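To keep things clear, I will list the structure first and then write my remarks on it.
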Amino acid sequence: MKLAAQIAKVIVGVLFIFSGLIKLNDPVGTEIKLEEYFEVFAQDLPALHDFFIGLIPFALYFSVILCVAEVVLGVALLVSYKPKTTSWLLLITIICFTFLTFYSAYFNRVTDCGCFGDAIKLKPWTSFGKDVFLLALILFLVYHRKKFRAMPTGMIVAVATVASVGVAFYAIRHLPIIDLLPYRVGASIPEQMKPSEEMKYKYVFEKDGKEVEFEKFPSDTTLKFKEMVLLNESAKPKITDYRAWNDEGDFTQQTFEGNKLFIIVKNLNDINIAAFPEIRKLVTDLKGKAVEPIILTSASSDEMNEFLKTQQLTLPYYYADATVLKTISRSNPGIWLLQNGVVKGKWHFNDTPDAQVVLSKL
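Residue numbers (the UniProt record's numbering): 1 to 362.
Right, dumping it as structure tokens:
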């Protein structure tokens, strides 16, 4: 039994550290996921609407606490630091995770829980199953917690805590250390918008109270259509929602032509205005060069026109979906360099490059 407890300890500890480190790499991504949960709960629980909406401004703080806690609890478990306290904290944490993943799966809300960030995408029921498995292991550890002798490993846990906070702070102030997003440097956006192979479907109809399936859409008009199911999920494009437009029409394809330096303005509510003097200088220095600066934003035309006037910028702008902009850039504003649709550079506003650096990427 002691061996089983040791194996359970290693599995739980490693999974918690792995999950926490992936999220620490991109705490803003976890912030976005928490905001999604808060918005869903605000809609589904009207009596607590204001409470959950009030939590949204603090989502980044919750994100850092959650990511750091996962890593620290995993380390504490592996090094036998205060086994009783650690095991109970792990139990409380996994109960919360299990509830969230069950809610996501059962009610089909927040279809990607973000358990392993953008590194590993799990379907809702798979996420729930993973948490049930961990819950069982942690309950086993709580029951056998007296078998683990407390060790004087407080310094190791303290170092893990400081290091975790440091990684989170760096990722927030700059960009994820390892970019796992589809809009990362080196990725071709047009290629990722194409399916990897021909997409195959089955067509489900109903006739005489029975379900019938077809590989091709039938011509029989007596059939009642129910659903179309994709058979090869892996063939789906990695990017399905990228689009750029303005009041004159769709300009998605034009964003893939030549050298484009996009200033990502996700919204004007929490944008860092102090970053624009350097951005303005960058835009000015690129005049006459083979790079076209353009703004991508989800703000309205009235808001953008007033903002550009205030910031003394004369740049064209395209609209893009707010969620897409959050995925492209974790900073607001952000800088994104494309050459014929291939990402050549990506910068946080704290790391705004000069014109020479931008041109060297092309």
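Each residue gets a CB set at the ideal place from its N, CA and C atoms; glycine is no exception. If you're wondering where the values come from, they're calculated on a predicted model, not measured in any experiment.
For Asp208, which of Tyr81, Thr222, Pro190 has the nearest alpha-carbon? To locate residue 208, count along the sequence shown from 1; it is residue 208. The candidate whose alpha carbon is nearest that of Asp208 is Thr222.
Let me confirm a value: Phe217 is counted as buried when at least 16 other C-beta atoms fall within 10 Å, else exposed. Which label applies? Start at 1 with the first residue of the sequence shown, and residue 217 comes out as number 217. Under this definition Phe217 is an exposed residue.
What residue range is occupied by the uninterrupted alpha helix (DSSP H) comprising His49? One-based indexing of the sequence shown puts residue 49 at position 49. Note, His49: alpha helix (DSSP H), 49-55.
Beta-carbon spacing of Val75, Ile17 below 8 Å: Indexing the sequence shown from 1 puts residue 75 at position 75. Indexing the sequence shown from 1 puts residue 17 at position 17. Yes.
Between the Cα of Leu315 and the Cα atoms of Asp321, Ile295, Ala299, Gly334, which residue gives the shortest distance? Position 315 of the sequence shown, counting from 1, holds the residue named residue 315. Nearest of Asp321, Ile295, Ala299, Gly334 to Leu315, Cα basis: Ile295.
Exposed unless 16 or more other CB atoms sit within 10 angstroms - verdict on Thr101: The count along the sequence shown starts at 1 and reaches residue 101 at position 101. The residue in question, Thr101, is buried, as its Cβ has 16 or more Cβ neighbours within 10 Å.
Assuming Asp131 and Ile94 form a contact by the criterion Cβ under 8 Å, report the distance between their Cβ atoms to the nearest whole angstrom. Counting from 1 along the sequence shown, the entry for residue 131 is found at position 131. Counting from 1 along the sequence shown, the entry for residue 94 is found at position 94. The Cβ separation is near 6 Å, so the contact holds.
Check the C-beta distance from Ile264 over to Pro182 and give it rounded, since I have them as a contact under 8 Å. Here residue 264 corresponds to residue number 264 of the sequence shown, with the count starting at 1. Here residue 182 corresponds to residue number 182 of the sequence shown, with the count starting at 1. That pair is no contact at about 15 Å.
First and last residue of the beta strand (DSSP E) that includes Gly74? Working through the sequence shown from its first residue, we reach residue 74 at position 74. Note, Gly74: premise wrong, no beta strand (DSSP E); alpha helix (DSSP H) at 59-78.
Over the uninterrupted alpha helix (DSSP H) stretch that includes Thr111, give me the two end residues. Position 111 of the sequence shown, counted from the first residue, corresponds to residue 111. Taken as a continuous stretch (DSSP letters only), Thr111 belongs to no alpha helix (DSSP H), as it is neither H nor E.
Gly249 by DSSP, collapsed to three states: which one? Along the sequence shown, one-based indexing puts residue 249 at 249. In this structure, Gly249 counts as strand in the three-state DSSP scheme.
How about Met304 and Thr310: are their beta carbons less than 8 Å apart? The sequence position of residue 304 within the sequence shown is 304, counting from 1. The sequence position of residue 310 within the sequence shown is 310, counting from 1. It is not a contact, given that the beta carbons lie outside the stated cut-off.
Do you know how far the Cα of Pro333 is from the Cα of Leu135? In the sequence shown, counting from the first residue as 1, residue 135 sits at position 135. In the sequence shown, counting from the first residue as 1, residue 333 sits at position 333. Each residue's alpha carbon lies about 40 Å from the other.
Give a yes or no on contact between the stretch 38-46 and the stretch 55-73, applying the rule of three or more CB pairs nearer than 8 Å. yes
Nonlocal neighbours in the same chain, by C-beta distance under 8 Å from Val79, ignoring five residues either side: Counting from one through the sequence shown, the residue named residue 79 turns up at place 79. Excluding sequence neighbours, Val79 sits near Met151, Thr153, Ile156, Val157.
Cβ separation of Leu338 and Lys287, assumed to be a contact under 8 Å, to the nearest whole Å: Numbered from 1 along the sequence shown, position 338 holds the residue referred to as residue 338. Numbered from 1 along the sequence shown, position 287 holds the residue referred to as residue 287. With a Cβ gap of about 19 Å, Leu338 and Lys287 do not count as contacting.
Three Cβ pairs or more, each shorter than 8 Å: is that satisfied between the stretch 226-237 and the stretch 245-260? no
Do Arg173 and Asn350 have their C-beta atoms closer together than 8 Å? Taking the sequence shown and counting its residues from 1, one reaches residue 173 at position 173. Taking the sequence shown and counting its residues from 1, one reaches residue 350 at position 350. A contact, by the Cβ cut-off of 8 Å.
Once you ignore the five residues that flank Pro353 on each side, which residues in its own chain have a CB closer than 8 Å to its CB? Residue mapping note: residue 353 aligns to position 353 of the sequence shown, counting from 1. Around Pro353: Leu282, Ile335, Gly345, Trp347.
Taking the alpha-carbon positions, what's the Gln43 to Val28 distance? Locating residue 43 in the sequence shown gives position 43, counting from the first residue. Locating residue 28 in the sequence shown gives position 28, counting from the first residue. The alpha-carbon atoms of Gln43 and Val28 are separated by roughly 23 Å.
Start-end ranges of the alpha helix (DSSP H) lying completely within the stretch 172-210, minimum 4 residues: 189-192
Can you tell which of Phe262, Phe276, Lys123, Glu257 has its C-alpha closest to the C-alpha of Tyr318? The sequence position of residue 318 within the sequence shown is 318, counting from 1. Nearest C-alpha to Tyr318: Phe262.
Give me the Cα-Cα distance between Ala47 and Glu31, rounded to the nearest whole angstrom. One-based indexing of the sequence shown puts residue 47 at position 47. One-based indexing of the sequence shown puts residue 31 at position 31. Rounded to the nearest angstrom, the two C-alpha atoms are 24 Å apart.
Along the chain, where does the alpha helix (DSSP H) that runs through Gly345 open and close? For this step, residue 345 is matched to residue 345 along the sequence shown. From DSSP, Gly345 is part of no alpha helix (DSSP H) but of the beta strand (DSSP E) over 342-348.
Residue range of the alpha helix (DSSP H) that includes Phe307: The residue labelled residue 307 in the question sits at position 307 within the sequence shown. Taken as a continuous stretch (DSSP letters only), the alpha helix (DSSP H) holding Phe307 covers 301-310.
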